[in-house]
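Residue numbers (this note's numbering), protein chains in the order written: chain A, 1 to 376; chain B, 1 to 376.
Just so you know, even glycine gets a beta-carbon here, dropped at the ideal spot from N, CA and C.
Remember, predicted model here, so these are calculated numbers, not experimental data.
What follows is a short report on a single structure.
2 protein chains.
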Amino acid sequence: MIFSVDRDVLLNQLLIVQKGLPSKTPLPILYAIKFEVNEDHMILTTSNTDVAIQVLVDDHTLSIKQAGKVAIPGRYLIEIMRKITSQRVEFALIEDKLIVIKADRSEFKLRLIDVEDYPDIDFLDLNDPVVLDSVLIKTIIKETNYATANTEKRPILTGVNFKYLDNHLYCVATDSYRLSQKNVKLRTHSKQFDIVIPNKSLDELSKILDTYNDDVELFINPNKVLFKMNKILFQTRLLEGTYPDTMRIIPVEFPVVIPFNKEELLAAVERVSLLSPRDRETNYNIIKMSLRPDRVVEMSSTNNEVGDALEEIIPSSDAVGPVIKIAFSSRYLVEALKSFSSSEVLIHFAGEVKPFVIKGNLDADLLHLILPVRID
Amino acid sequence: MIFSVDRDVLLNQLLIVQKGLPSKTPLPILYAIKFEVNEDHMILTTSNTDVAIQVLVDDHTLSIKQAGKVAIPGRYLIEIMRKITSQRVEFALIEDKLIVIKADRSEFKLRLIDVEDYPDIDFLDLNDPVVLDSVLIKTIIKETNYATANTEKRPILTGVNFKYLDNHLYCVATDSYRLSQKNVKLRTHSKQFDIVIPNKSLDELSKILDTYNDDVELFINPNKVLFKMNKILFQTRLLEGTYPDTMRIIPVEFPVVIPFNKEELLAAVERVSLLSPRDRETNYNIIKMSLRPDRVVEMSSTNNEVGDALEEIIPSSDAVGPVIKIAFSSRYLVEALKSFSSSEVLIHFAGEVKPFVIKGNLDADLLHLILPVRID
């Protein structure tokens, strides 16, 4: 196996498949990137327990002298490619045991594990795709993934539920303290599906989508979903089980609605959280928010050891409804606000001990919900 | 005590005294910043076991309504000031127990510890200064501090030795594996001194000097040194004991001298270190460097598990002397090279098992020395 390629081209592809390298595995071969070098292209593959990634390299700078297969230690290979400054790099396999990498006056020899030990990766058949725009997928991940659970208490909650029905895509994430829900009407028609994708996989997919702007084809079976992006295959396992019905926890009547400038609200929440004590269960800062009789919103926190903080915010237009007082984890509100593109947000209150809902003026299809905590 | 001041002005001064807050202390009052507010100025003080810092605030934006003294929890105060976006902040003391901080529509109340509990800080008398330029001090810290020891095996080596004699300032740092030495001729005359300043104190001083460009006055006694920068006092304890005589370990004859382009050498050392095994004692990567008969320099490393790396560098002009081969911790060379301003460096070799010396074309007064390790 002998080939040469532009360093930048190879590094970019390596940084994509890197996201499929395991951080820890009992199968050392998985620390390697599998190279399948054919006559006029090569295929790079990585996999771990969550995801498998494959990229096709057929760049015009790729010059293949001799085809072959090899599994190259991934971390070392990527570190070497990062530090190399020459334009081109050359790879040559020696006796199936060493790969020699040459770049200008640098030469690296890496010991190899037998490529035949690399497990077969079972990518789904490319039949009957669901087609989604890459920007839409990226936006949904940004808007929902933060609200997934990060403990394994209820494993199903560590993923985002994607449900497709009658031209609508319904996406929900919740850790049972807060929830994010995005409903999108799609122009294209597709078969029905209802899957839960692990949050870590979505994080990695989101990073890959940073450098990809085109349609993405989804292929789904009961255990896996494969995202096909032109020359990239990204496959992730799905979470097993039935996602809870979250619709019933979203209140339908909101006697109080308060409009805010998003940045102003965010800054005030962050300031008032500085001194606030932490919730026992979640370890997050608890703050109080109230609509006062003078129609000004007050946020406050009290910490017996440290002191008190108080913020007044004048709603960006008239608040609707009677006075109300509610307490919640400030971090939930901060994270919800940050996921909005909108400059104006509306907070809808159903009552002092009921979940409240945040919507944005420019994000009609997005809803965030936060459970309050009881105030003593 | 009541005063108001521009937020930016106060924050800048707080970020200076912050460097004197302890990370951990059995004396909780030291987590506070002491404010002494007088008729037309105020003084802020912090201290820990290593350093004490005092700044004078007499900015024209400072408006004092009522003088007084108070000790305000430092970390909370600084976090609040960072998050405040209003131009002005107002401080008022309530019954010696609470400080109220107002900024636009924000109000913070912080509980206080009795300011009378704040220990008296014994700053040295401002008599008989040694005057040094701030840029010189900053440069010396950058060039030497990295070479100090970071373990307490020999506590004296955790500081930089500053010795003044006959218009010359001699600065040395070593961790007994490598050494940095800077000798400067001063225009001004001063009394003789020979002190060792802890590396952590020098790090903090260096950060303060980032925003100060003027003469610095040094006041020295056997236990402490006080750096006076216009409105800032920075005092640090000195390390006790006699600094070792390092002159005798610097070789005087160098049969081999090789000139390098600094950036090229640095990049090659970093690449060849990627695979190299670690030295048992220091946990640093060991690499080999040799001058070959063809007058090309070769660097290499071998890792039985991972593989080999090889770099060739053509000296920037002709190398002097016979062929030589030497092994050393690559990190020592990387750190030494990074501390030079020079674009060209000369490596002077005294022999295969003797320390080698690095000098720069633009840093005549600076010398770095590295001890080799034995090659099997």
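Which same chain residues end up closer than 6 Å to residue i when comparing Cβ atoms and leaving out the 5 residues on each side of it in sequence?
i	result
B:Gly321	Pro255 and Val256
B:Lys102	Glu90
B:Gly360	Phe340, Ser342 and Val345
B:Pro22	Leu30 and Asn48
A:Asp308	Thr302
B:Tyr118	Ile29, Lys34 and Ala71
A:Phe193	Tyr164 and Ile220
B:Lys288	Ser300 and Ala327
B:Val184	Leu169 and Asp365
From the DSSP secondary-structure annotation, give me the bridge partner or partners of residue i.
i	result
B:Ala92	B:Ile2 and B:Val100
A:Ala32	A:Pro73
B:Met408	In the structure displayed, chain B extends from 1 to 376; residue 408 of chain B sits before or after that span and is not available.
B:Lys288	B:Ser300 and B:Ala327
A:Lys182	A:Cys171 and A:Leu366
B:Tyr164	B:Leu169 and B:Phe193
B:Glu312	B:Glu298
B:Leu226	B:Phe219 and B:Gln235
A:Ile258	A:Ile347
A:Ala52	A:Ser47 and A:Gln235
A:Val306	According to DSSP, which records beta bridges pairwise, A:Val306 is partnered with nothing at all.
B:Ser106	A:Glu311 and B:Ala103
A:Val373	A:Ala327
A:Val353	Paired residue(s): none; A:Val353 is not in a bridge.
Does DSSP put residue i in a helix, a strand or coil?
i	result
B:Asp365	strand
A:Tyr170	strand
A:Arg111	strand
A:Asp245	coil
B:Ser190	coil
A:Tyr332	helix
B:Gln235	strand
B:Glu344	strand
A:Ile80	helix
A:Lys359	strand
B:Gly20	helix
A:Val9	helix
Enumerate in chain order the residues of its own chain whose CB-to-CB distance from residue i is below 7 Å, with the five nearest sequence positions on each side excluded.
i	result
A:Val306	Leu275
A:Glu36	Met42, Ile43 and Lys69
B:Ser316	Pro259, Phe260, Asn261 and Glu344
A:Ile314	Val296
Ignore the nearest five residues each way along the sequence and tell me which others in residue i's own chain have a CB closer than 8 Å to its CB.
i	result
A:Asn221	Leu124
B:Gln13	Leu44, Val55 and Val57
B:Val373	Asp279, Ile286, Ala327, Phe328 and Ser329
B:Asn127	Phe219
A:Leu10	Val57, Met81 and Val89
If you follow the alpha helix (DSSP H) that residue i is part of, which residue opens it and which one closes it?
i	result
A:Ser201	Asn199 to Leu209
B:Glu264	Lys262 to Val272
Taking only heavy atoms of the ligand FMN into account, decide whether any of them is closer than 7 Å to the Cβ of residue i.
i	result
A:Lys224	The model depicted lacks the ligand FMN and carries no ligand whatsoever.
Following the continuous beta strand (DSSP E) through residue i, name the residue where it begins and the one where it ends.
i	result
A:Ser63	Ser63 to Gln66
B:Ile220	Asp215 to Ile220
A:Val135	Here A:Val135 belongs to no beta strand (DSSP E); instead the alpha helix (DSSP H) covers Ser134 to Thr144.
Against residue i, what residues of chain C qualify as contacts under a CB-to-CB distance less than 9 Å, listed in chain order?
i	result
B:Val306	Included in the structure are the protein chains A and B, with no chain C among them.
Looking at chain B, which residues of the region 249 to 277 of chain A have a Cβ within less than 7 Å of any of its Cβ atoms? Ala267, Glu270, Arg271, Leu274 and Leu275
When Cβ atoms are compared, which residues of the region 310 to 322 of chain B fall closer than 9 Å to chain A? Here the close residues are Leu310, Glu311, Glu312, Ile313 and Ile314.
Which residues of the region 142 to 160 of chain A have a Cβ closer than 9 Å to any Cβ of chain B? Give them in chain order. none
Near-chain A residues of the region 77 to 89 of chain B (beta-carbon distance less than 8 Å), N- to C-terminal order: Glu79, Ile80, Lys83, Ile84 and Thr85
Anything in the region 339 to 350 of chain B with a Cβ closer than 9 Å to a Cβ of chain A? List those residues in chain order, please. none
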